[in-house]
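Visitor:
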Ligand SMILES: [Zn+2]
Ligand SMILES: [Zn+2]
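Residue numbers (the UniProt record's numbering), protein chains in the order written: chain P, 1 to 473; chain U, 1 to 473.
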């Protein structure tokens with residue numbers, strides 16, 4: 001790997017990247033629009049042919065881009081696209097880019113001002129389903145690698161470049177882990193670049209450093225063999241709906257910390273340096289609450305709202321049910337009750353240990369006379385790249401070059417995603433390169449992408465392939 | 001009113017009552033069977049003509065019995081029957097008997113061995129829907145008053161006797177209170193005799209002394225404007241399903257006492273004498289649990305199971321719901337949650353004050369960011385006749401005479417019923433005269449009445465009209 005180029009070389013390269021991008025901007029946007037016209041809605045079986053057409057369209061485009069190897073990979077569900085462009089520097093690091101070509105459902109009557117599958121450019125934005133999530137952010141890698149080659153005069157990228165673009169992310173990626181395991185050899189990489197997240201805002205460029213994991217469970221509680229009369233028996237037998245409520249209440253202590261013994265074991269603490277960086281972000285509680293469609297903040301004592309959603313593990317009740325839920329009243333002791341709880345996890349927490357801790361907690365709390373069952377879904381592990389990781393510095397540097405030298409701040413994602421499967425199976429650090437902003441309206445009507453930001457994404461990708469080989473990791 | 005007759009007179013009268021009852025037993029049972037053939041199912045609109053036919057059949061039978069005034073009273077729903085037989089002793093106390101002529105639904109395919117509306121006598125039992133609940137127990141008053149007259153040589157009863165037999169009890173008596181209020185003058189009484197309960201068992205004759213009241217409420221809790229993503233927002237905003245659970249947990253303290261401040265204000269304590277009487281009953285926990293279809297006992301510390309269901313107020317979760325309740329998981333913070341809670345009340349507790357206490361408790365516990373609504377249904381007040389009440393002693397005496405001098409013990413009903421409306425509107429003590437036993441299968445397939453017990457009910461009624469005038473209350 002080469003050393004960092006001197007500043008004159010860097011400046012020249014930055015200009016060259018920008019010039020190449022400007023030159024190809026119109027064709028790039030036309031191509032993206034063509035892809036966005038394919039309604040690759042993975043959650044709707046009727047669109048399965050469109051999801052396949054989307055994969056094939058992308059495969060053809062990647063071939064045209066110059067990737068010497070492009071394959072459509074079948075899964076038990078929708079197809080994924082794999083592409084590979086080896087570097088002629090055989091010592092170059094291997095990088096795997098992740099994205100998805102399927103989109104959320106969208107229909108005009110949901111409140112779209114224009115056809116969601118007929119892209120429209122207005123006021124510097126392209127409106128279409130998938131414009132930012134995730135076709136736009138996958139697509140910036142096509143022009144990105146070309147700009148990288150043009151600006152460096154190379155004929156192959158400075159990294160061994162791989163792309164994996166799945167077709168089921170908006171349906172929960174049910175076959176993704178199996179796909180990654182099946183092709184682990186082909187996918188092997190020194191780093192994974194996920195282009196399926198965003199930035200803080202149009203004016204605050206950021207790099208995401210990790211996602212929370214998630215483990216979820218369903219608890220069934222059984223009391224009487226059938227609903228029984230609360231006059232005749234109430235107050236003398238255990239009520240499974242009451243037990244459900246008591247379990248919910250026992251999930252947290254008075255400081256809103258999760259009260260399950262062992263829950264925090266191994267959880268990576270948030271260090272002062274990162275807390276200081278988070279505190280620098282221009283957080284506005286009222287606008288955050290508007291986005292959350294919520295009317296108050298509440299969370300673990302001692303942490304800010306951003307820290308709570310990005311960097312702290314949680315226990316959340318996703319559903320609760322038991323007894324009579326129809327109109328009016330019914331004086332019964334219910335036969336059963338049900339709880340659905342999910343736990344967001346941070347780096348260092350092991351979903352298997354969380355499961356054991358929850359099982360022990362539950363066993364200790366269910367009273368005699370109530371039978372229970374608990375089942376866990378497949379967990380998603382957390383992923384986090386430390387702020388001082390060399391590859392993360394490269395991503396920040398590439399973003400800064402694209403954003404005219406702006407200071408790049410750091411965020412995290414509170415959610416969980418298939419990136420964790422890549423981390424787990426490939427044993428590679430996961431990094432995030434995305435230019436979408438909260439106003440883009442992911443999963444909502446009138447999804448859009450900011451064209452200026454999209455082209456900065458192209459530039460950042462172009463720079464990243466030059467930067468990463470200088471990082472020793 | 002006369003003094004208690006001496007023991008020779010009493011013995012003669014007891015024999016006379018029994019002789020009269022034996023003499024008329026066959027005709028009495030034939031008549032009851034005829035009434036039971038009318039499927040007066042109030043909950044099924046298609047049976048409305050049968051409910052009316054049942055009222056008219058009863059009215060005709062009461063006229064034939066000798067009641068000089070018999071009326072069918074219309075309500076906004078099914079008709080009730082009122083009958084009155086004044087005593088020629090104008091200083092006699094006025095007694096109002098309550099029962100109902102409607103029955104629970106029944107169909108052969110529910111597990112009946114014979115047609116539920118074609119009475120069958122087998123092994124000393126009559127099987128039919130309504131045999132014990134409540135046609136049988138209403139009907140024993142027809143032969144009862146005739147036996148009373150025959151044994152005393154009177155031409156009118158020794159009490160001013162009134163009967164009110166409603167037609168909607170199995171549908172929740174929706175128009176009963178309005179009916180009682182409308183006819184309060186005609187219904188005025190010194191005591192109410194409810195013949196719609198039972199005894200401890202075939203071998204342990206008992207008198208019920210009261211029923212619990214009930215107040216119920218529905219609480220709606222609103223958080224985010226819609227279900228929101230638990231990854232993006234969970235752990236930082238209040239979750240209405242979590243709040244619902246915490247409310248449930250806060251209903252009781254560690255001793256399973258209701259923890260709502262003020263809840264027990266005024267509640268009549270269970271005195272040692274009554275506790276001793278309850279403890280004398282041959283209670284078997286495993287058979288009680290089998291009846292409760294439950295697998296453990298749990299209730300207020302310091303009280304037995306019978307005390308808990310008969311004499312202690314409770315808070316019971318009848319229903320809880322919120323968030324995702326379908327198959328699998330869904331990582332949301334739910335927009336709303338719902339609780340249905342009913343409170344059983346004992347003598348001295350005022351439903352209006354309970355409502356205020358619950359409202360205050362709720363207001364103090366719902367966190368900022370959660371909006372709530374609470375609505376209460378129409379409450380039913382508790383009713384309780386003290387063990388030393390003279391009229392209750394008369395009831396016990398009448399039962400003892402019918403049961404060959406057996407010791408009569410006391411029970412209560414954990415449930416709540418329209419008897420409380422009579423107590424409230426008429427300002428009269430409520431007493432219970434019933435001979436049904438738990439094995440009669442109220443509301444279940446193969447409902448029956450024990451014929452020997454039914455005829456003891458006839459005798460007890462006959463004796464009661466002689467006994468009550470001797471009680472000064
Ligand atoms: Zn996406
Ligand atoms: Zn009844």
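In this text, a Cβ means the ideal position worked out from N, Cα and C, and glycines have one as well.
Please read all numbers here as calculations on a predicted model, not as lab measurements.
In chain order, what residues of the same chain have a beta carbon less than 7 Å from the beta carbon of residue 267(U), not counting five sequence neighbours either side?
Guide: 313, 346, 348 and 349
Visitor: Determine the DSSP secondary structure at residue 344(P), reduced to helix, strand or coil.
Guide: strand
Visitor: Could you check the C-alpha separation between residue 199(P) and residue 254(P) for me, to the nearest Å?
Guide: 34 Å
Visitor: Among 473(P), 470(P) and 466(P), which residue has its Cα nearest to the Cα of residue 156(P)?
Guide: 466(P)
Visitor: Suppose contacts are defined by Cβ-Cβ distances below 8 Å. Is residue 171(U) in contact with residue 43(U) by that definition?
Guide: yes
Visitor: Is it right to say residue 474(U) is buried, meaning 16 or more other beta carbons lie within 10 angstroms of its own, or is it exposed?
Guide: A question about residue 474(U) goes unanswered here, because the residues of chain U that appear run from 1 up to 473.
Visitor: Residue 252(U) bridges to which residues according to DSSP?
Guide: 258(U)
Visitor: If the cut is a Cβ gap below 7 Å, which residues of chain U does residue 224(P) touch?
Guide: 292, 293 and 294
Visitor: For the structure I just gave you, are there three or more beta carbon pairs, one from the region 156–167 of chain P and one from the region 78–94 of chain P, closer than 8 Å?
Guide: yes
Visitor: Can you list, in chain order, the residues of its chain whose CB lies under 7 Å from that of residue 375(P), leaving out five sequence neighbours each side?
Guide: 217 and 218
Visitor: For a test of the three-state rule: what should DSSP assign to residue 308(P), helix, strand or coil?
Guide: helix
Visitor: Measure the C-alpha to C-alpha separation of residue 6(P) and residue 459(P) and round it to an integer number of angstroms.
Guide: Distance between the alpha carbons of residue 6(P) and residue 459(P) is about 19 Å.
Visitor: For my contact list, residue 240(P) and residue 322(P) are in at a C-beta cut-off of 8 Å; report their separation, rounded to the angstrom.
Guide: Right, the Cβ-Cβ distance comes to about 6 Å (below 8 Å), so this counts as a contact.
Visitor: Could you check the C-alpha separation between residue 291(P) and residue 174(P) for me, to the nearest Å?
Guide: 28 Å
Visitor: With 8 Å as the threshold, decide whether the Cβ of residue 263(P) is near any Cβ in chain U.
Guide: no
Visitor: Please tell me whether residue 183(U) and residue 73(U) are closer than 8 Å, where the distance is taken between their beta carbons.
Guide: yes
Visitor: Beta-carbon within less than 6 Å of residue 111(U)'s beta-carbon, same chain only, minus the 5 sequence neighbours each way: which residues are those?
Guide: 445
Visitor: Can you list, in chain order, the residues of its chain with a C-beta nearer than 8 Å to that of residue 117(P)? Leave out the 5 residues immediately preceding and following it.
Guide: 36, 37, 38, 39, 106, 128 and 129
Visitor: Rounded to whole angstroms, how far is the Cβ of residue 100(U) from the Cβ of residue 169(U), which I believe are closer than 8 Å?
Guide: 4 Å
Visitor: Residues of chain U with a CB under 8 Å from the CB of residue 447(P): which are they?
Guide: Neighbourhood of residue 447(P) in chain U, by CB distance below 8 Å: empty, with the nearest CB roughly 16 Å away.
Visitor: By a C-beta neighbour count over all protein chains shown, 10 Å radius and 16 as the cutoff for buried, is residue 287(P) buried or exposed?
Guide: exposed
Visitor: Using a threshold of 8 Å, state whether the C-beta atoms of residue 354(U) and residue 215(U) are closer than that.
Guide: yes
Visitor: By the 10 Å Cβ neighbour count, where 16 or more other Cβ atoms means buried, how is residue 9(U) classified, buried or exposed?
Guide: Around the beta-carbon of residue 9(U), fewer than 16 other beta-carbon atoms lie within 10 Å, marking it exposed.
Visitor: Measure the C-alpha to C-alpha separation of residue 434(P) and residue 53(P) and round it to an integer number of angstroms.
Guide: Taking the straight line joining both Cα atoms gives about 25 Å.
Visitor: Tell me the DSSP secondary structure of residue 54(U) in three-state form.
Guide: helix
Visitor: If you check the beta carbons only, do residue 431(P) and residue 391(P) fall under 8 Å apart?
Guide: yes
Visitor: Report the rounded CA-to-CA distance for residue 98(U) versus residue 245(P), giving the unit in angstroms.
Guide: 40 Å
Visitor: Does the beta carbon of residue 320(P) come closer than 8 Å to any beta carbon on chain U?
Guide: It does: the Cβ of residue 320(P) has a partner Cβ on chain U nearer than 8 Å.
Visitor: Assuming residue 529(P) and residue 338(P) form a contact by the criterion Cβ under 8 Å, report the distance between their Cβ atoms to the nearest whole angstrom.
Guide: Because chain P here runs from 1 to 473, residue 529(P) falls outside it and cannot be looked at.
Visitor: Please tell me whether residue 314(U) has its Cβ less than 8 Å away from any Cβ of chain P.
Guide: yes
Visitor: Go through the residues and name those whose CB comes closer than 5 Å to any heavy atom of ligand 1, in chain order.
Guide: That gives 133(P), 134(P) and 196(P).
Visitor: Which whole-angstrom value is the C-beta distance of residue 186(P) and residue 82(P), which I expect to be below 8 Å?
Guide: 7 Å
Visitor: Return yes when at least one heavy atom of ligand 2 lies under 7 Å from the C-beta of residue 169(U), else no.
Guide: Flag set: Cβ of residue 169(U) near ligand 2.
Visitor: Is there at least one non-hydrogen atom of ligand 2 closer than 7 Å to the beta-carbon of residue 141(U)?
Guide: no
Visitor: On the three-state DSSP scale, how would you describe residue 459(P)?
Guide: helix
Visitor: Run the proximity test for residue 229(P): is its beta-carbon closer than 7 Å to any non-hydrogen atom belonging to ligand 2?
Guide: no
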